Amino acid sequence: MLFPTRSVLPGVVAAVVLASGTAACTYKNSGTESGGQAAPAARTGGAELVDGSGTKVALVPGGAHPYFQPWKAAVTSARKTYGLGAVTFDETAEWDQQKQNNLLSTLAARGYNSFGVFGVSPTDINSTFADLKSQGFPVASLGSCPSGDKDEADFCLSTDVELAAHKAAKAAIEAMGGRGTLVHLTGNNVDANTQLRIKGVAQAVKESGGKVKLLQTITDIDTDLQTAQKAVSDLLAAKGDRITGIVATAYNPAVAAADAVSTSGSKAKVIAIDDDAKILGGIEQGTVTATVVQNPVGQAEVGTWALALLQTKQCTVRYPGVEVDSGSFVVDKANVSAYDKARQKKTAQLKTEFADKILSCG
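In structure tokens, the structure reads:
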């Protein structure tokens, strides 16, 4: 599951924030000692949370999905690190915007006063954000940003969908030897995020100069693993001998592709998404060439910290609605055992970026 990031910052600041979206870019950490050791977790770049005991943070995904599971441990850890009053991770059983709205209202009634939300509907979530904001609650759009040009949340911390999909497709094309036929497996076709993934893959194919053909893009198969498994099985049965590479930019299709190629004996090079154990195992065994992992822990950790700074009114957002790339990383056999270090480094950079560029703290 991947989500978009758009720049809404003017001038030089916009360039700085966009540059932070690539793993190769770094920022001077004003909260880091010269010896390279990280500053205390509650203090980064001059933004120090003085007293978070009155802050109660709720992280609310759009529904059940494996991508969000790291949020649970991250927000629990953040409570201890920052001395927050309470935290919770809560989700509805179905992906339904009205049910999510009802859940958010219930959490507010229970005393939660800061919200990190993955909206069910990219086109409707802004009204939910505006409602929460009207009650005086700081709001972060985590893991996804609203569609269109406006974000009513204080900030969005999410994967840059198009960039991550482009990375995945480039990795697939490289594994294919720069030529052949590629298949793209992805999520809900009507989702604006899926359209950005499609655009990222198409751009990588275009950059091959005609040496790679996009044989098919299969959408609407991230509902559950069974749906994805059937789609991949049908694909290999019908066109397996023509497929040189498979790029999956949604979680369930990635797991399904990894399984299917392993059991079918297909020679297709598979580039997956996220770090499911089957995918990482496939990389180690050679049945999966690479995967593009995201940073859900960083979204939850940095998002919770920033929300606490906003809730205590120690800080404000310089440019409300700013959207920041939480990072994506290509993982292959060479770095499969150590990639999480790069992700942790990116999370530290994000905290510095928020302290130095996103937040204004008195």
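According to mature numbering (1 follows the signal peptide of the UniProt record, and there is no 0), the residues represented by the sequence shown are -19 to -1, 1 to 343, in order. Where a beta carbon is used, it is the ideal one built from N, C-alpha and C, also for glycine. Everything numeric in this text was worked out from a predicted model, so none of it was measured.
Straight-line CA distance for residue i to residue j?
i, j, result
"VAL213", "ALA241", "7 angstroms"
"TRP52", "ALA323", "18 angstroms"
"ALA28", "GLN275", "25 angstroms"
"GLN280", "HIS46", "16 angstroms"
"ILE106", "ALA121", "12 angstroms"
"PHE49", "TYR320", "19 angstroms"
"ASP256", "LYS148", "16 angstroms"
"residue 348", "GLY302", "Residue coverage of the chain in this structure runs from -19 to 343, which leaves residue 348 outside it and unanswerable."
"ALA59", "PHE96", "14 angstroms"
"VAL236", "HIS165", "14 angstroms"
"LEU288", "VAL68", "12 angstroms"
"LYS326", "SER34", "28 angstroms"
"ALA183", "ASN233", "21 angstroms"
"GLU155", "GLN266", "19 angstroms"
"THR198", "ALA249", "15 angstroms"
"GLN330", "GLU304", "15 angstroms"
"GLN78", "GLY44", "10 angstroms"
"VAL228", "ALA185", "11 angstroms"
"SER189", "LYS151", "9 angstroms"
"GLY100", "MET157", "36 angstroms"
"THR204", "LYS294", "40 angstroms"
"SER108", "VAL171", "20 angstroms"
"SER247", "LYS114", "51 angstroms"
"LEU195", "ASP215", "18 angstroms"
"GLY124", "SER318", "25 angstroms"
Taking residue i as the reference, give the member of the options with the closest Cα.
i, options, result
"GLY161", "GLY221, ASP255, TYR63", "GLY221"
"LEU84", "LYS180, GLY92, GLU72", "GLU72"
"ASP32", "GLY44, GLN50, THR62", "THR62"
"THR87", "GLY284, ALA289, VAL41", "VAL41"
"ILE224", "VAL193, VAL236, THR244", "VAL193"
"ALA54", "CYS296, THR328, GLU282, VAL303", "GLU282"
"VAL273", "VAL164, VAL298, ASN316, GLN81", "ASN316"
"VAL56", "ALA89, LYS80, VAL98", "VAL98"
"GLY191", "ASN170, GLN210, LEU30, LEU163", "LEU163"
"THR285", "LEU138, LYS211, VAL186, SER247", "LEU138"
"GLY226", "TYR300, VAL171, LYS294, ALA153", "ALA153"
"VAL312", "THR328, LYS211, ALA271, TRP76", "ALA271"
"TRP76", "SER243, TYR300, SER108, ASN169", "ASN169"
"PHE70", "VAL278, LEU195, GLU334, ASP130", "VAL278"
"GLN210", "SER243, LEU195, LEU196", "SER243"
Within the same chain, show all residues whose beta-carbon is closer than 6 angstroms to that of residue i, passing over the 5 residues directly before and after it, in chain order.
i, result
"TYR93", "LYS37, ALA39"
"THR208", "ILE202"
"LYS314", "ILE264"
"PHE110", "VAL120, GLU133, ALA134"
"THR167", "THR175, ARG178, THR200, THR230, ALA231"
"GLY159", "LYS192"
Sorted by chain position, which residues of the same chain lie with C-beta nearer than 7 angstroms to residue i's C-beta, five sequence neighbours on each side aside?
i, result
"residue 346", "The question about residue 346 has no answer, for the chain in this structure spans -19 to 343."
"SER128", "PRO103, THR104, ALA173"
"CYS296", "ALA28, LEU290, LEU340, SER341, CYS342"
"GLN292", "THR36, ASN94, SER95, PRO119"
"GLN81", "VAL41, GLY43, THR73, VAL101"
Excluding the 5 residues preceding and the 5 following residue i in the sequence, name in chain order all residues of the same chain whose CB lies nearer than 8 angstroms to its CB.
i, result
"SER245", "LEU217, GLY221"
"LYS180", "GLU143, ALA146"
"SER309", "LEU(-18), ALA4, THR140, ASP141, LEU144, ALA145, LYS148, VAL273, VAL274, GLN275, ASN276"
"ALA219", "none"
"GLN116", "ALA89"
"VAL298", "ASP135, PHE136, LEU291, ILE339, LEU340, SER341"
Quick one: is residue i near chain D, going by C-beta distance under 8 angstroms?
i, result
"VAL305", "Absent here is chain D; the protein component of the structure consists of one chain."
Rounded to whole angstroms, how far is the Cβ of residue i from the Cβ of residue j, which I believe are closer than 8 angstroms?
i, j, result
"ASP141", "ASP306", "4 angstroms"
"PRO119", "ASP135", "5 angstroms"
Complete beta strand (DSSP E) runs within the region 173 to 241 (minimum length 3 residues, chain order)
193 to 199, 226 to 229
3 or more residues per run - each beta strand (DSSP E) lying fully within the region 105 to 165:
Listed in chain order, they are 120 to 123, 136 to 139.
What are the start and end residues of each continuous alpha helix (DSSP H) run of 4 or more residues lying completely inside the region 43 to 74, in chain order?
50 to 63
Report the residue ranges of all beta strand (DSSP E) runs contained in full by the region 292 to 332; include only those spanning at least 3 residues, in chain order.
Listed in chain order, the complete beta strand (DSSP E) runs (minimum 3 residues) inside the region 292 to 332 are 296 to 298, 303 to 306, 310 to 313.
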